[in-house]
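Trainee: Here it is, the structure in full.
Listed below in structure tokens is the structure:
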């Protein structure tokens, strides 16, 4: 249906375009001097039809589903929903929907089949209503736009106002996205904190997100203290930085100062490839190669290494961050004015002394900004740890133990679970909130440092 | 350089040859920037390189302390001897050469460190001071020679980048003399400065002539006339004329030199 | 410095400075060499890791690009497969009977033996046979030749991944099963053609049948949606910010937002999609449409930043020339600046889409890791995507999935390399320096 509606809108608006264009062209042929060329008159009609009607269609489609769902549920025979939680209601709705699509499992009750029929009917009616509304609205606008074609009508200004408005809207998407993130996380986190005390979450040393299977099952109530989860994130982040910072810094220094142009031409793309590898691939690399290697190395030394050791996930994450840090360092070193390098060399400093004593200190703010962004990436990185780190939260800083991270918990709590009304799934949003806040603070700080630094040398 | 032999006369014929360049050519990739330049530069005097922009005077200057080595695509041919030693000889480390041939750049380029650390940097890396007291002494002496001591003696530990343009340039000159070089190369040292600061730096250059062989690149003919004893005119990568400053400005031999100093090319 | 001989010696060699410098040189050059060695070491480490990564993927993944097949003559017994019961029938029984007829020591009356024989072939073999018979019922009573995949353990055996030296009880195949297989090999019934099923099959519980079709189609829809949303919106936002926006608090705020969004962890976008798109708007789970919208939000900052850079690179002289002949600012931007910036914009867009193609975590949260055995026919159907399929297979215990995971990664990396190569080509072909 949606496709038909959009096609109809397209046809009507093209009709409006050609009507206006021809009308304007006729006027000009008659010797009238127009303010705008005929093409703009056409475009004016086209845009003023499409923009509002598309907004209408999108709103309609967004509201249609929930509205019909509500009508379907409220139209059910009395008593069929009694004593059902939201989860149960959702299940019934899902069953009705699947019957309406012709997928029938077993022998559903007659009232469900009736409901499915009504569901299908309502969708059809809604579709036709939308079609009618769209045709009427778009034809109306086309007529209005046609009536405005006149010698002194400023069609070009109209078109430009509409495009400016559209572009302004585009640039607000970023704000809406941020607002959406904050609203979603805040809303679900508040629901979480209605069920779990806020102090337990922030101060608790236990993370066991089980949920009671029955109402009276108090013993299985989970523990939701985020400290061990966050500690695990930090352990893996620290391991990653221990690998990535020295390797990234040294390779950037080498590439920037000592490498021949030919080596640079080879090495930079190689580092870019390393940066472009999807994290799910790094995760598989961790379980296929790195974790077994670390475990067998530990075995030869007689040190017990957990199968999901933080060291494995952390070092693979470190490999992922090497190109990140090295490219930031390279940029920062290259941004140091050439005159400082010349000044040091002319005093007789060796190249190593020039880099270490003059360029590096001058580039420190840029490099620190880059490392901070790398930290925020490590904290927010998901796939490597989901695949290679553990699931059990333990209060340890030993990188040979298994630890879990904030992102691992978010994924495991939400994958496969649909209902939003138990502390287990809501806990994921609380963790997401913390993740967002922590990374946001680091990012804002880091971006500010990097920008200040750029300004200092511009 | 405490004796007075070196600067007996402004009569340059009496001075010794400090730098001897023969058949120097510089290429940037495929393009030739310097064509077969031969020149003798005297000790304890100021030699000016003049010429229109892009004539190669700065490129040639950068040959004298092998700064062109730092540009990947630059290639230098020909012989340059300082004190009779070939600066391209295999045993010569450019580090050693640059300690002996100091350089001051067009734009003041103090390191983002304190004034003290700026001056002390060269002596430190070269190990010229055995202790803090010696280093302090070198710093003070250099700043005095740079004619900036009185202005900065109370704020030695403030950043060098906080000084005014003219002060920064004198700081850079002081930094260059702190390593006790024998030759001082100056690449348009006043082009970023206002007239008052320029006058201060020019006075300083005249002072420095007592102890060093100073080579200055300038596009101001007035400046060349004011500070130098000998002047070389470069045009399109070639050395056109090289004579005593007085002669070159009053009685140029080459028609191109005459066109330039009378303002017809430039 | 005070060199008394300076006046007489034609070449005065000043003492201390030069000597001191020379004395320090060895130590300083050693320091420089150390730094260089460390730098080379660091870079080699990065290269080595990339090499190990690729090498381990290739060495475990190349096996999945071939698949062991068996060619069988099957007599379609009308008693087992009666015409009137189609499409039902004992298709597995006729295949097992045909196997037992060619193998020497397989007793057709022993049920355990027959079951073991049945597990030699992929589970899909009987369905393949069924489809052929349903299509052409005249085949009943005739003997047909069919080539079908063998099951995973035999595939592993044929590829040399099962060690025959392992004691029998630790092995997935018993001695008699290996003996059967060797007989079949000796009869030249076993072949190992290119595994086209890896691309053309949808996902399956059985590694020998599992393919990437569903994931490829799912990724295609998700990326199409992502492109359709992020490309126009990103360009619109970038043009506004770069060409029209007044320098005020609002445009600063938008800019800060864009830069921050580019650094927000991807899993947070997944939470946004789960709560807003699925929870509040009621869009279906596991749908590439939702995945594409989520990826679009993540790709948009990349496109905006690339577009702004491309617009900035168009020299002001072009704008001034167009303004000078009386064009409005919109005409200047859409008629002159935007076309000139297009190569740069496309380059940035392709790079953004390549990142989106590899993005996994947000898709996991919206359920694009479901087990779905058919390719989606539209963006609102349930589907997986290439990276989530990799994640599912990496989690599967069967041995055959390990090499398939590597193979799927190689396919994914192939796409990424192609996309990046296209963007590099565009950059080199169309980029002009002003």
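Residue numbers (the numbering used here), protein chains in the order written: chain A, 314 to 771; chain B, 97 to 362; chain C, 12 to 445. Backbone N, C-alpha and C fix where the C-beta goes; we use that ideal spot for every residue, glycine too. Computed from a predicted structure; not experimentally measured.
Where do the N-terminal and C-terminal ends of the alpha helix (DSSP H) with residue 615 of chain A fall, by residue?
Mentor: Element bounds for residue 615 of chain A: n/a, residue is neither H nor E.
Trainee: Assuming the contact rule is C-beta atoms closer than 8 Å, residue 469 of chain A and residue 353 of chain A should be a hit. Round their C-beta distance to whole Å, please.
Mentor: Contact holds; Cβ gap of about 4 Å.
Trainee: Take residue 403 of chain C and list the residues in its own chain whose beta-carbon comes closer than 8 Å to its own, dropping the five residues that flank it on each side.
Mentor: If we look at residue 403 of chain C and ignore the five residues flanking it on each side, its Cβ neighbours are 214, 380, 382, 395.
Trainee: Which bits of chain B does residue 35 of chain C rub up against, with CB to CB less than 7 Å?
Mentor: Chain B residues near residue 35 of chain C: 222, 223.
Trainee: Identify each residue in the stretch 167-191 of chain B for which the Cβ-Cβ distance to at least one residue of chain A is less than 9 Å, and report them in chain order.
Mentor: So the list reads 168, 169, 189, 190, 191, given in the order they occur along the chain.
Trainee: What does the Cβ neighbour count give for residue 664 of chain A, buried or exposed, with the cut at 16 atoms within 10 Å?
Mentor: When all chains shown are included, residue 664 of chain A counts as buried.
Trainee: Should residue 436 of chain C go down as buried or exposed, given a rule of 16 or more other Cβ atoms within 10 Å for buried?
Mentor: When all chains shown are included, residue 436 of chain C counts as exposed.
Trainee: Is the stretch 225-245 of chain C in contact with the stretch 148-157 of chain C, if contact means three or more CB pairs nearer than 8 Å?
Mentor: Touching, no.
Trainee: Report the CB separation of residue 386 of chain C from residue 355 of chain C in whole angstroms; it is logged as a contact under 8 Å.
Mentor: The Cβ separation is near 35 Å, so there is no contact.
Trainee: With contact counted as at least three CB pairs below 8 Å, one residue from each stretch, are the stretch 207-222 of chain C and the stretch 316-336 of chain C in contact?
Mentor: No: fewer than three Cβ pairs fall under 8 Å.
Trainee: Nearest CA to the CA of residue 171 of chain C: which residue from C:363, C:75, C:273?
Mentor: The shortest Cα separation from residue 171 of chain C among C:363, C:75, C:273 belongs to C:75.
Trainee: For the beta strand (DSSP E) that residue 335 of chain B lies in, which residues bound it at each end?
Mentor: Segment 334-340, the beta strand (DSSP E) holding residue 335 of chain B.
Trainee: Around the Cβ of residue 330 of chain B, are there at least 16 other Cβ atoms within 10 angstroms (buried) or fewer (exposed)?
Mentor: With 16 or more other Cβ atoms within 10 Å, it is buried.
Trainee: Comparing the C-beta of residue 243 of chain B with each C-beta of chain C, is any distance below 7 Å?
Mentor: By this cut-off, residue 243 of chain B is not an interface position.
Trainee: In the structure shown, what three-state DSSP assignment does residue 118 of chain C receive?
Mentor: Residue state, collapsed to three classes: coil.
Trainee: Less than 6 Å between C-beta atoms, sequence neighbours within five positions excluded: which residues of the same chain meet that for residue 412 of chain C?
Mentor: Excluding sequence neighbours, residue 412 of chain C sits near 218, 404.
Trainee: Could you have a look at residue 80 of chain C and say whether DSSP puts it in helix, strand or coil?
Mentor: Here residue 80 of chain C sits in strand by DSSP.
Trainee: From residue 204 of chain C to residue 127 of chain B, what does the alpha carbon distance come to, in whole angstroms?
Mentor: Roughly 58 Å between the two C-alpha positions.
Trainee: Once DSSP output is grouped into helix, strand and coil, what is the label at residue 243 of chain B?
Mentor: In the structure shown, residue 243 of chain B sits in coil (DSSP, three-state: anything other than H, G, I, E or B).
Trainee: Answer yes or no: does any C-beta atom of chain C fall closer than 7 Å to that of residue 126 of chain B?
Mentor: Chain C contact via Cβ: absent.
Trainee: Against chain A, does residue 375 of chain C count as a neighbour if the rule is that its beta carbon must be under 7 Å from one of theirs?
Mentor: Yes, contact with chain A.
Trainee: For residue 177 of chain B, I'd like the list of residues in its chain whose CB is within less than 6 Å of its CB, leaving aside the five on either flank, ordered along the chain.
Mentor: The residues are 116.
Trainee: What does residue 32 of chain C reach in chain B if we use C-beta pairs closer than 7 Å?
Mentor: Here the neighbours are 192, 195, 222.
Trainee: Taking DSSP as the reference, what is the three-state secondary structure of residue 282 of chain B?
Mentor: In this structure, residue 282 of chain B counts as strand in the three-state DSSP scheme.
Trainee: Taking DSSP's pairing of strands, which residues face residue 117 of chain B in a bridge?
Mentor: Residue 117 of chain B pairs with B:135, B:176.
Trainee: If you draw a straight line from the alpha carbon of residue 700 of chain A to that of residue 515 of chain A, how long is it in whole angstroms?
Mentor: For residue 700 of chain A and residue 515 of chain A, the distance between alpha carbons rounds to 26 Å.
Trainee: Enumerate in chain order the residues of its own chain whose CB-to-CB distance from residue 532 of chain A is below 8 Å, with the five nearest sequence positions on each side excluded.
Mentor: Below a pLDDT of 50, predicted positions are generally treated as unreliable, and residue 532 of chain A, at 48, falls in that range; the measurement from the model is reported next regardless. Once the five neighbours on either side are set aside, residue 532 of chain A has no close Cβ partner at all.
Trainee: Could you name the residues of chain B that residue 28 of chain C contacts, counting a contact when the two beta carbons are closer than 9 Å?
Mentor: Ordered by position in chain B, the residues that pass the 9 Å Cβ test against residue 28 of chain C are 195, 196, 222, 224, 275, 276, 277, 278.
Trainee: Output the distance between the C-alpha atoms of residue 273 of chain B and residue 759 of chain A, rounded to the nearest integer angstrom.
Mentor: Their Cα atoms are separated by approximately 40 Å.
Trainee: My assumption, with CB atoms under 8 Å, is that residue 399 of chain C sits in contact with residue 374 of chain C. Please give the rounded CB distance.
Mentor: Between residue 374 of chain C and residue 399 of chain C the Cβ distance is about 5 Å, and since that is below 8 Å, they are a contact.
Trainee: Between residue 201 of chain B and chain A, is any beta-carbon pair separated by less than 7 Å?
Mentor: Yes, because at least one Cβ of chain A sits closer than 7 Å to the Cβ of residue 201 of chain B.
Trainee: My output table needs one value for residue 348 of chain A: the three-state DSSP class, helix, strand or coil.
Mentor: The answer is coil: DSSP assigns residue 348 of chain A none of H, G, I, E or B.
Trainee: Please give me, in chain order, every unbroken run of the alpha helix (DSSP H) with length at least 4 that falls completely inside the stretch 277-362 of chain C.
Mentor: You should have 277-283, 299-324, 327-335, 340-343.
Trainee: Quick check: is the beta carbon of residue 368 of chain A nearer than 7 Å to any beta carbon in chain C?
Mentor: No, because no Cβ of chain C sits closer than 7 Å to the Cβ of residue 368 of chain A.
Trainee: Pull the bridge partners of residue 197 of chain B from the DSSP assignment, please.
Mentor: Paired residue(s): B:279.
Trainee: Whole alpha helix (DSSP H) runs in the stretch 642-714 of chain A with 4 or more residues, listed along the chain?
Mentor: Counting whole runs of 4 or more residues, the stretch 642-714 of chain A contains the alpha helix (DSSP H) stretches 651-659, 673-693, 696-701.
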